[in-house]
Amino acid sequence: MNNTALANLLFPDITKTIEDYEAKYPERNLPENAVVTRIAPSPTGFVHLGNLYNAIGERLAHQTQGVFYLRIEDTDQKREVEGAVEAVIDAMTFYGIRFDEGATTDGEVGAYGPYRQRQRKELYQTVAKSLVLRGLAYPCFCTEDDLKEMHDQQEAAKDNYGYFGKYAIWRDRTLEEIEAELAKGTEWVLRFRSEGDPENMVAVKDGIRGEVKVQENYTDFVLLKSDGIPTYHFAHVCDDHFMRTTHVIRDESWLATLPIHVQLFDILGWQRPVYCHTATLMKMDGTSKRKLSKRKDPELALSYYREAGFPQEAVMRYLMTVLNSNFEEWMMENPDADSRAFTFSLDKMSTSGSLFDLEKLDHIAKEFLSRQTAQYVYDGLLEWAKKYDTALAERMENKAEFFCNAINVGRGGDKPRKDFGSWKEAAAFLAFYDAETFAYEDACPERADGEMRSAILTQYLDTLNFADTQEEWFAKVKQITEALGYAAQPKKYKKNPELYKGSIVDVTNLLRVALTGRQNAPDIWEISRVLGETETRRRVQAYMNL
RNA sequence: GGCCCGUUGGUCAAGAGGUCAAGACGACGCCCUUUCACGGCGUAAUCAUGGGUUCAAUUCCCGUACGGGUCACCA
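Numbering (the numbering used here), first residue to last: -16 to 529.
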């Protein structure tokens, strides 16, 4: 076979060489241990947790004065969705992920571009041509049906799947045969001519898993698709080499194709990046675990957390606790620190798939929000409401001070309340304050019978004085309690239940329900202060008449 | 089916050849408390399994089981 003739036949327009690109994309001038990494989503319009998960590469890069960039893997035109690039950038920006270079909404920045793979066609073809020149790649004219048939044969023969050995029918054709097919205009793909032996194991150092041993690749996989666009495998190798990527962080599902990636790096004489294969996020399905699925699990989509209104920092904290086992400890020691101040390390990453735990996310979010100022909560809630609950946003803007006061109840001090972890929960929790959304919940239990109820509430209204301090107010509540035959201290009642109608718990509970419509609400006196005297009296009266 | 990865309490997990096997979430119990919360304290695990190496293994090696992943001109 005349490789030069074949190369020119296949790529008549390619005149550049690999050296030209080596010169165009020089080694980066960075500190010795600087990490250069990226996220490389395909623009399918679906931004998922995994994208954010892998974006922790940003921490690694910026911790080491390295570079973090965004590359768009748009080699599959069929799956491409309009606006998908914007969606990725928007989502990442929302979570504070900062790109140093790569694709932007209106173009790109950086000296290693283009950062959209389809625009790098010439580069891939140049590398492909060099491979043909070396006798390491050849055209294959198989149709989809041919390949299907091959697969069926292999299945029947219980042979391994793949294009190799006797199944590689275009591997050793003559130049004349190839010319003839080309002349007919038959579509072709470019395949890698693998000399790999499945008996050989190659050791690859994984940044997370340590040494991984994989079987050498023996299949003649596709480098260039029939439209001249590379497959993921080929594009990954070319791009990460020429973009001078030092670390490739990706999901463990790529472990299966690692052999072909290292084979390409090695044969091209390029230094392999440090591969970091992250464990897949799982979910409980019945009694078994399974991979989070795009179709079945809404929580896989990043938009889910935004809609539910989990603060960005809370989501990042949750992700960090899953990603780095020592993060939680660090967070407890530095409760008010920004999660970005944490030093992330690869070797603290888990290698087994973890279950996504929404309850824990909620806990972390509550912890986080409980420590923020009322103003912070107000601003965050308002921003969220503008998008997802416009009626609330309007009310908040009309009564900003009122809402701030409501949010401020139980805030501050050593033991702040933890009533909500997301803006959605906050909206629901705060609803009882505003007269416009206040309602008695159906499930309100009666802790006092009708007669006692009106007796307690009547006396409460009679003695209520907004000039009182909290102590004075409570002293009066106690008086009412005792006057009506209830124990002022729950302990007393517990000891001798027969002596009382109940305890002060019943009285305060009644007041709480009358005032808030529910059993779970902050301190009664504080709530009254926020509601104001008129509204307080109105609600108590209304509850009496219920 | 081939190949790869994984397996410590309900969940997330630390850990090292010799530990009473951390911690967090959740659950439950107790305490604090005028209420709702917060908070404090406490309870629950023989590290999937069989075999080997070793004075000693949950920690190292091999097999098995189970779980997951992957075998496209998708990434």
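No residue lacks a Cβ here, since even glycine has one placed at the ideal position from N, Cα and C.
Inter-residue Cα distance where the pair is residue i and residue j
| i | j | result |
| --- | --- | --- |
| Asp417 | Leu241 | 58 Å |
| Leu529 | Phe412 | 23 Å |
| Ile250 | Pro(-5) | 24 Å |
| Pro213 | Gln295 | 36 Å |
| Arg300 | Ile347 | 7 Å |
| Glu164 | Gly90 | 40 Å |
| Glu465 | Glu282 | 52 Å |
| Asn143 | Ser113 | 30 Å |
| Pro318 | Phe351 | 8 Å |
| Lys196 | Asn183 | 10 Å |
| Tyr194 | Gly49 | Reading the sequence as shown, one finds Glu at residue 194 and not Tyr. Distance between the alpha carbons of Glu194 and Gly49 is about 24 Å. |
| Lys279 | Leu264 | 14 Å |
| Ala6 | Gly33 | 34 Å |
| Glu170 | Glu235 | 33 Å |
| Leu207 | Ala111 | 8 Å |
| Arg436 | Ala414 | 25 Å |
| Gly292 | Arg62 | 29 Å |
| Gly500 | Thr420 | 11 Å |
| Met314 | Leu302 | 13 Å |
Secondary structure of residue i, DSSP reduced to three states
| i | result |
| --- | --- |
| Val110 | helix |
| Pro473 | helix |
| Gly118 | coil |
| Phe(-6) | coil |
| Ala418 | coil |
| Gly363 | helix |
| Asp59 | coil |
| Thr356 | coil |
| Arg273 | strand |
| Asp397 | coil |
| Arg99 | strand |
| Asp128 | helix |
| Gly40 | helix |
| Leu247 | helix |
| Asp189 | strand |
| Leu165 | helix |
| Leu302 | helix |
| Leu13 | coil |
| Asp451 | coil |
| Lys382 | coil |
Test item: CB-CB of residue i and residue j under 8 Å
| i | j | result |
| --- | --- | --- |
| Phe175 | Leu119 | yes |
| Ala450 | Arg394 | no |
| His230 | Cys259 | yes |
| Ser333 | Ser308 | yes |
| Thr519 | Leu498 | yes |
| Val490 | Ile439 | yes |
| Trp456 | Trp406 | no |
| Pro24 | Val71 | yes |
| Tyr201 | Asp180 | yes |
| Arg233 | Asn37 | yes |
| Leu(-11) | Val187 | no |
| Gly85 | Leu35 | no |
| Arg400 | Pro256 | no |
| Leu329 | Gly190 | yes |
| Arg21 | Thr228 | yes |
| Asp223 | Arg154 | no |
| Tyr288 | Val298 | yes |
According to DSSP, residues forming a beta bridge with residue i
| i | result |
| --- | --- |
| Thr261 | Asp234 |
| Gly485 | Tyr469 |
| Gln198 | Met184 |
| Arg501 | According to DSSP, Arg501 bridges with nothing at all. |
| Val50 | Val19 |
| His31 | Ala284 |
| Pro213 | Leu207 |
| Gly90 | Thr87 |
| Val172 | Cys123 |
| Lys266 | Arg273 |
| Leu338 | Met265 |
Contact belief for residue i with residue j at Cβ below 8 Å, rounded distance in angstroms
| i | j | result |
| --- | --- | --- |
| Cys123 | Val172 | 5 Å |
| Glu41 | Arg81 | 7 Å |
| Thr452 | Ile463 | Their Cβ separation, rounded to whole angstroms, is 17 Å, which puts Thr452 and Ile463 out of contact at 8 Å. |
| Pro26 | Ala67 | 3 Å |
| Ala594 | Asp372 | Residue 594 falls outside the range modelled here, since the chain spans only -16 to 529, and no answer is possible. |
| Phe339 | Leu285 | That pair is no contact at about 13 Å. |
| Lys225 | Tyr8 | One detail in the question is off: residue 225 reads as Phe in this sequence, not Lys. Right, the Cβ-Cβ distance comes to about 4 Å (below 8 Å), so this counts as a contact. |
| Gln100 | Asp57 | 6 Å |
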